[in-house]
Amino acid sequence: MHIYDYIIIGSGLTGLTIAKKISQETSNILVLEAEAVAGGISRSAVMNDHKLNNGLRFFPATDVSTKALEFLNEVLGQNVAADRSENLIETYEASGFKRFTGFGEKAPEFYEQLSYFLSADEYKLNLQPYEWIQILVSQLQDKIQTKSIVTRFGFEGLDSEKPELTHVVVNGSKNLYARNFIFAGPVKDLGLLIPDDILNARAKAKLKKAQAWQAVGLDLVHSVAAEKTNLLVLNGTTDDDIGPCVGRFSAAVNGSTQSTSQWLSFVDSESAEDTENIGMILKKIKRQIKRAFPELSDAIIKERVSVSPVISGSDLKLNANGTLAKVENLWVASPQVNSYQNLLGALLQAKLILSALGFAAEDVTVSQVEESSHVEESTSGEAEIV
Ligand SMILES: Cc1cc2nc3c(=O)[nH]c(=O)nc-3n(C[C@H](O)[C@H](O)[C@H](O)COP(=O)(O)OP(=O)(O)OC[C@H]3O[C@@H](n4cnc5c(N)ncnc54)[C@H](O)[C@@H]3O)c2cc1C
228 MHIYDYIIIG SGLTGLTIAK KISQETSNIL VLEAEAVAGG ISRSAVMNDH KLNNGLRFFP
288 ATDVSTKALE FLNEVLGQNV AADRSENLIE TYEASGFKRF TGFGEKAPEF YEQLSYFLSA
348 DEYKLNLQPY EWIQILVSQL QDKIQTKSIV TRFGFEGLDS EKPELTHVVV NGSKNLYARN
408 FIFAGPVKDL GLLIPDDILN ARAKAKLKKA QAWQAVGLDL VHSVAAEKTN LLVLNGTTDD
468 DIGPCVGRFS AAVNGSTQST SQWLSFVDSE SAEDTENIGM ILKKIKRQIK RAFPELSDAI
528 IKERVSVSPV ISGSDLKLNA NGTLAKVENL WVASPQVNSY QNLLGALLQA KLILSALGFA
588 AEDVTVSQVE ESSHVEESTS GEAEIV
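The opening position of the sequence shown corresponds to residue 228 in the numbering used here, with each subsequent residue numbered one higher.
Structure representation (C-alpha cells):
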C-alpha cells in the first residue's frame, strides 16, 4: 500500500500553489481533482478564439496583495504584475458616466464581496490568473489525478479517544492513503465528507446554514472595440433585490476590432437553486450594459454565462494552525476561511497553510495566520473562524 506524504484535494489556485511549493521538498504528493480538467474556477475560457479568464478577474493593489503577489512570483518563478495603477471606477446615470463614489444608503447585500473591487488601486497583470493556472498545471502534471472526487475522509479508530485520518475515498470506492491531507475545495462540502464522530451534527448544521454567495458571470464578445477599459459598477435605476454588477471591457483583442467584456454579480446559494433568479440577474446585467453602452450592447456576437460554486460563507471550527478541530493532519486551505474570499484569499490561505506546515513563506507568523483567518481562540483551545 502506497502512503503519500501529502494528498491535496482540489486543483484550483489554492491547491496548486500549495502543491507546487510542497513538491519542491517531496515528490511523494498527489493532487486529486474532481473535474476532468485541472485548474478550478480560474482556468481559462475560450470565446471566439479569444483566450480569457473564466469571468472577470480583478486584483487590488494594497500592501496585503503586494505581499501575496510576491509569494506567487516566487512560486511561479515569474513576475505576474506590471504596474500599480489607480482604479478609476465609473458608473452610469441618466446624465452620463461619472466617477463611482459608493452606494450611499443602498449598499447591496453582497457589499462585502463587491468591496474587493472598489479598492483605490489595482495591479495591471502581465500574466493573467488563467496563465498562473496553466503554469502550475504544466509544472505539476504528473502529480495531478483528474476525475477523482474525494467522497469521504477515512478515519481509523473512530470510536477511540484519538481517531486518525489515514485515507480518502475516491469516487466512492478507491482508498488513497497519506500522512497529511490538505483540503482546497468548498468548505461546506466538509459537512458531507467528514464522519459525524469528527464533525458533529451541530457543526454540520452551522456549516450548512452559513450564508454563502455564488458568483454569476457574464462574458461577452463584441464585434466593435470598446471605448472604456476601466472598472464599471452598474446599478441602474431599479431599486430591486438583485443589486449591482461590476465589469469591464477589454481593449481590442488580438489586433482585431472585436472586444470582450466580463461582468459579475452575486447570488446567495438558496436563490441560485432557482434558474429563474439567475435569469433575472443576467437580464438586469444586460439591461444595465445596454443603457450605458447601447452600441456595444447591439454588437454582442457571443455570450457565455457561468454560475460558480459557493465562493464564500463558512462557519467552521479550525485550530489556530488551520487544521480541522480534532484532526491534526487535515488542513483547510480554502479562501472561504480567509478574510478575502477571492484570488487574494486563495494566495493568502495557501501561504498560511504552507507556513503552518513549515514550508517557506518565511514572513508569515502565527499571529498573522490568526489575523488573516479571523481566528479567535476559544476556551477549549480550538479556534473559531468567524
Ligand atoms: C465569475 C467569477 C469571477 C471572479 N472574479 C474575481 C476577481 O475579479 N478577483 C478575484 O480575486 N477573485 C475573483 N473570483 C474568485 C476567485 O476566482 C476564487 O476565489 C479562487 O479562484 C478560488 O480558488 P480555489 O482554488 O480556492 O477554488 P477553485 O478554483 O474552486 O478550486 C477548487 C477545486 O477543487 C475541486 N474539488 C472540489 N471538491 C472536490 C472533491 N471533493 N474532490 C476532488 N476535487 C474537488 C473543484 O473541482 C475545483 O477544481 C471570481 C470567481 C468567479 C467564479
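Beta carbons are placed, not taken as given, at the ideal position from N, Cα and C, and that holds for glycine.
Item	Value
Beta-carbon separation (whole angstroms), residue 255 vs residue 269, contact threshold 8 Å	At roughly 26 Å, the Cβ-Cβ gap does not stay under 8 Å, so residue 255 and residue 269 are not in contact.
Contact under 7 Å by Cβ, residue 411 with residue 237	yes
Residues of its chain near residue 325, where Cβ-Cβ distance is below 7 Å and the 5 sequence neighbours each way are ignored	317, 318
Spatial distance of residue 574 from residue 358 (CA atoms)	15 Å
Supposed contact pair residue 414 and residue 541 - C-beta distance, whole angstroms, cut 8 Å	4 Å
Residue span of the alpha helix (DSSP H) that contains residue 521, given as start and end	521–525
Proximity test, residue 212 beta-carbon vs ligand 1 heavy atom, cut-off 6 Å	The question about residue 212 has no answer, for the chain in this structure spans 228 to 613.
Identity of the residues DSSP links to residue 280 by a beta bridge	271
Segment contact flag, the segment 433–443 with the segment 290–307, C-beta cutoff 8 Å, min 3 pairs	no
Alpha helix (DSSP H) runs wholly inside the segment 353–405, at least 4 long, in chain order	356–367
CA-to-CA distance, residue 388 to residue 296, given in whole angstroms	42 Å
Residue 209 versus 339, 315, 322, residue with shortest Cα-Cα distance	Because the chain here runs from 228 to 613, residue 209 falls outside it and cannot be looked at.
Any beta strand (DSSP E) of 3 or more consecutive residues that is wholly inside the segment 400–456	401–410, 440–449
Residue from 312, 471, 551 whose Cα sits closest to the Cα of residue 339	471
CB-CB length for residue 286 against residue 350, believed under 8 Å	5 Å
Whole-Å CB distance - residue 476 paired with residue 420, under 8 Å assumed	So it is not a contact: roughly 41 Å between Cβ atoms.
Coarse secondary structure for residue 241, derived from DSSP in three states	helix
Inter-residue CB distance, residue 277 and residue 448 (contact presumed, cutoff 8 Å)	7 Å
Paired residues, beta bridge with residue 311 - DSSP	350
Enclosing beta strand (DSSP E) for residue 337 [first to last residue]	Neither: residue 337 is in no beta strand (DSSP E) and is coded neither H nor E.
Sequence-distant residues of the same chain with beta carbon closer than 7 Å to residue 267, five excluded per side	237, 238, 239, 240
Span of the alpha helix (DSSP H) around residue 302	290–303
Cut-off 7 Å between Cβ atoms - residues of its own chain near residue 522, not counting five sequence neighbours on either side	451
Nearest-angstrom beta carbon gap, residue 441 and residue 496 [assumed within contact, 8 Å]	6 Å
Residue 327 CB to nearest heavy atom of ligand 1 below 6 Å	no
Option nearest residue 331 by Cα separation, candidates 294, 462, 554	462
Span of the beta strand (DSSP E) around residue 256	256–259
For residue 316, the first and last residue of its enclosing beta strand (DSSP E)	First-last for residue 316: undefined, no H or E at that position.
Own chain, CB closer than 8 Å to residue 245, minus 5 neighbours either side, in chain order	235, 409, 411, 560, 577, 580, 581
Spatial neighbours of residue 243 in its chain, beta-carbon cut-off 6 Å, leaving aside the 5 residues before and after	363
CA-to-CA distance, residue 468 to residue 384, given in whole angstroms	49 Å
Residue environment, residue 322, which counts as buried when at least 16 other CB atoms sit within 10 Å	exposed
Beta-carbon spacing of residue 365, residue 259 below 7 Å	no
Through-space distance from residue 519 to residue 392, alpha-carbon basis	55 Å
Secondary structure of residue 233, DSSP reduced to three states	strand
Run of the alpha helix (DSSP H) containing residue 582, from where it starts to where it stops	570–584
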